[in-house]
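Only one structure is covered here, and it is reproduced in the block below.
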Amino acid sequence: MLKAKYFARTLEVSLEKIGRHFPALMITGPRQVGKTTFLRHQSKASRTYVTLDDPASLALANEDPALFFQTYRPPILIDEIQYAPGLLPYIKMAVDEHREEGAFWLTGSQQFHLMKGVPESLAGRMAVVQLLGLSRRELLGQPGESRPFIPDSDTIAARLRTGGSLPLRELFQQIWRGSFPTLAVNPDADWNLFYSSYVQTYLQRDVRDLARVGDEVAFLRFMRAAAARTGQLLNLADLAKDTGINPHSAKSWLSILVASGIVYLLEPWFNNVTKRMVKTPKLYFLDTGLCAYLTKWSDPGTLESGAMSGAILETWILAELLKGYWHTGKSAPFYFYRDKDQKEIDLLIIQDGTVYPLEFKKTASPRKDDTRHFQVLEKMGMPIGPGGLICLADRALPLGPKIFSIPVAAL
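To convert, take the position in the sequence shown, counting from 1, and add 4; that gives this note's numbering.
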């Protein structure tokens, strides 16, 4: 049997730095994005590996945590820690007693009520890093090029030198296929079978067993309704109505999708001065392949020409930008702008007190008018850095002072 190809991850560079500062590391993220594969690939021969998917190990962890750690000594990698949250106080005690660098590596596919104790009990002792599917640069074998994105001219030019080309057909093939490593490792893997199995496992293991949602069929309808609204302002009442559930359940179920890394909520930027701004977040799916599966687009061509084409391109762009931050162990300082006059800016990156505005659009002919709303930022009272329009153009061109068209190949 051929050994599966390993894709180097951007997080490898940050892992050594994290290990020097924290005795414990937890990698969270959706199922099957490669958390365990990544950490096992980085593990030395002396690190013990134990998965809580194994019934015997899980029973020991839940029934006798002290014996568990006598059986499995650090340095240790514990997979799917959410199934045995009772281990966390013992990890805290071990960390406080020995303070050994990198003694505990953990993975978790979700952060429901079972995971609430992680930030409190291990604050200052554990680094928590989010991992998503493979970024475009990781797929290209350029993990070091996947860095936090700021739209200045030098950064755009440097990224275009290494990013190659990304024609429309190839782009939507990547969007439709999604970023899960299983599909990337094996181009012949059955897309429909993978996602149908993924959803079934998610509903059974995470939604039913961990989140205690009794109606899996209704939850699947909720997922489909949410997927159809990717890139849109969140409307919980509308989601509840389409799913046939009450608004309270819709809010609870949305929190499950967020906690398990399926959905990301982009918060609006507002302050006391700009009271006319909309305070509702925008909803984005974090994997466009899963989003396409749930909304029943059967191939890349129909997705590209269909009604969701622009929204799912916007979703893919945002996910790629998120990976640039999260996969380097950083928080993403992301917001969007929308006011009562319907003036909207797709993304604000706010870093070191400076605002960097970005628009996303499915066009190969960018115009200055596409970034006309950038001028509303002047009333925010903050320094405004370079901005741009991420689009399908094949080269970067100026659209105004410090504003550029940015080809998707720069991501």
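All residues carry an ideal CB built from backbone N, CA and C; glycine is no exception.
Member of the options whose CA lies at the smallest distance from the CA of residue i
{"i": "I321", "options": "S183, A63, E16 and F11", "result": "S183"}
{"i": "P93", "options": "R129, E220 and E324", "result": "R129"}
{"i": "A368", "options": "G333, L396 and L362", "result": "L396"}
{"i": "V132", "options": "P304, P27, G389 and E142", "result": "P27"}
{"i": "D303", "options": "G248, R24, S150 and L175", "result": "L175"}
{"i": "G145", "options": "K9, G293 and M386", "result": "K9"}
{"i": "Q270", "options": "K383, G385, L352 and W257", "result": "Reading off the sequence, residue 270 comes out as Leu, not Gln. Measuring from the Cα of L270, the nearest candidate turns out to be L352."}
{"i": "L224", "options": "I407, V211 and T234", "result": "V211"}
{"i": "G404", "options": "P361, K366 and K383", "result": "P361"}
{"i": "K406", "options": "R399, F378 and K383", "result": "F378"}
{"i": "L290", "options": "E308, W257 and L325", "result": "L325"}
{"i": "H25", "options": "F340, E104 and Y288", "result": "E104"}
{"i": "P251", "options": "Q177, L19 and F226", "result": "F226"}
{"i": "V217", "options": "S256, L237 and L110", "result": "S256"}
{"i": "I85", "options": "P185, D242 and N66", "result": "N66"}
{"i": "P272", "options": "R228, A323 and F340", "result": "F340"}
{"i": "T306", "options": "A161, F73, I349 and Q177", "result": "Q177"}
{"i": "L238", "options": "E220, V267 and D213", "result": "V267"}
{"i": "W330", "options": "T32, A60 and W301", "result": "T32"}
{"i": "K383", "options": "L258, V189, D343 and T14", "result": "D343"}
{"i": "L43", "options": "D68, T14 and P59", "result": "T14"}
{"i": "K372", "options": "I394, D83, D356 and G112", "result": "I394"}
{"i": "A323", "options": "Q346, F364, V359 and T284", "result": "F364"}
{"i": "L380", "options": "M312, A311, P402 and F274", "result": "The sequence shown places Val at residue 380, not Leu. Checking every option, the nearest Cα to that of V380 belongs to F274."}
{"i": "D83", "options": "L110, R77 and D219", "result": "L110"}
{"i": "C295", "options": "K283, G167 and S200", "result": "S200"}
{"i": "S47", "options": "V282, F73, L81 and T159", "result": "L81"}
{"i": "P285", "options": "W195, T247, G235 and L91", "result": "G235"}
{"i": "E149", "options": "A161, R77, D158 and T166", "result": "T166"}
{"i": "V359", "options": "K334, S335, K347 and G385", "result": "G385"}
{"i": "V282", "options": "Q204, L261 and K347", "result": "K347"}
{"i": "Q204", "options": "E220, A193, D194 and W195", "result": "E220"}
{"i": "T40", "options": "T186, D194 and W301", "result": "T186"}
CB of residue i within 8 Å of CB of residue j, strictly
{"i": "F71", "j": "L62", "result": "According to the sequence provided, residue 71 is Leu. The question's Phe does not apply to it. No, the pair does not count as a contact, with Cβ atoms beyond the cut-off."}
{"i": "L240", "j": "A254", "result": "yes"}
{"i": "R35", "j": "Y297", "result": "no"}
{"i": "V54", "j": "L135", "result": "no"}
{"i": "P155", "j": "I388", "result": "no"}
{"i": "L29", "j": "G106", "result": "yes"}
{"i": "L64", "j": "T75", "result": "yes"}
{"i": "I249", "j": "A232", "result": "no"}
{"i": "P337", "j": "I354", "result": "yes"}
{"i": "K366", "j": "G314", "result": "yes"}
{"i": "A400", "j": "L164", "result": "yes"}
{"i": "S113", "j": "S264", "result": "yes"}
{"i": "P390", "j": "S18", "result": "no"}
Buried or exposed by the 16-neighbour rule on C-beta atoms within 10 Å, applied to residue i
{"i": "V3", "result": "Examination of residue 3 is not possible in this model, given that the chain is present from 5 through 415 alone."}
{"i": "H117", "result": "With a pLDDT of 46 at H117, under the threshold of 50, the predicted position of this residue should be treated as unreliable, though the coordinate-derived value follows. Looking at its Cβ environment, which holds fewer than 16 other Cβ atoms inside 10 Å, H117 is exposed."}
{"i": "T375", "result": "buried"}
{"i": "T299", "result": "buried"}
{"i": "H45", "result": "exposed"}
{"i": "L287", "result": "buried"}
{"i": "G392", "result": "buried"}
{"i": "L6", "result": "For L6, the predicted structure reports a pLDDT of 44, less than 50, and the residue's modelled location is therefore unreliable. A value from the coordinates is still provided. Looking at its Cβ environment, which holds fewer than 16 other Cβ atoms inside 10 Å, L6 is exposed."}
{"i": "M428", "result": "No statement about residue 428 is possible, as the shown extent of the chain runs from 5 to 415 and does not include it."}
{"i": "F408", "result": "buried"}
{"i": "P370", "result": "buried"}
{"i": "T319", "result": "buried"}
{"i": "G357", "result": "exposed"}
{"i": "A311", "result": "exposed"}
{"i": "K21", "result": "exposed"}
{"i": "A88", "result": "buried"}
{"i": "A188", "result": "buried"}
{"i": "E142", "result": "buried"}
{"i": "P402", "result": "exposed"}
{"i": "K334", "result": "exposed"}
Whole-angstrom C-beta distance between residue j and residue i, which should lie under 8 Å
{"i": "G293", "j": "W180", "result": "6 Å"}
{"i": "S169", "j": "A12", "result": "Their Cβ separation, rounded to whole angstroms, is 22 Å, which puts S169 and A12 out of contact at 8 Å."}
{"i": "L172", "j": "E308", "result": "7 Å"}
{"i": "L415", "j": "R140", "result": "6 Å"}
{"i": "T332", "j": "P191", "result": "Not a contact, Cβ separation roughly 27 Å."}
{"i": "F108", "j": "P69", "result": "Incorrect: roughly 13 Å between the Cβ atoms, too far for contact."}
Chain B contact for residue i (CB, 8 Å cutoff)
{"i": "A232", "result": "In summary, chain B is missing from the structure at hand, where a single protein chain is found."}
Counting only runs that start and end within the stretch 113-182, where is the alpha helix (DSSP H) found for 4 or more residues in a row? 121-125, 140-143, 157-167 and 172-181
Length-filtered (3 minimum) beta strand (DSSP E) runs lying within the stretch 294-355: 338-342 and 348-355
Which ranges would you report for the alpha helix (DSSP H) in the stretch 65-102 if only whole runs of at least 4 residues count? 69-75 and 92-102
Starting from the N-terminal side, write out each stretch of the alpha helix (DSSP H) that is 4 residues or longer and does not extend beyond the stretch 190-245. 195-205 and 220-231, all fully within the stretch 190-245.
Every unbroken beta strand (DSSP E) inside the stretch 357-410 [3 residues or more]: 358-364, 391-395 and 402-404
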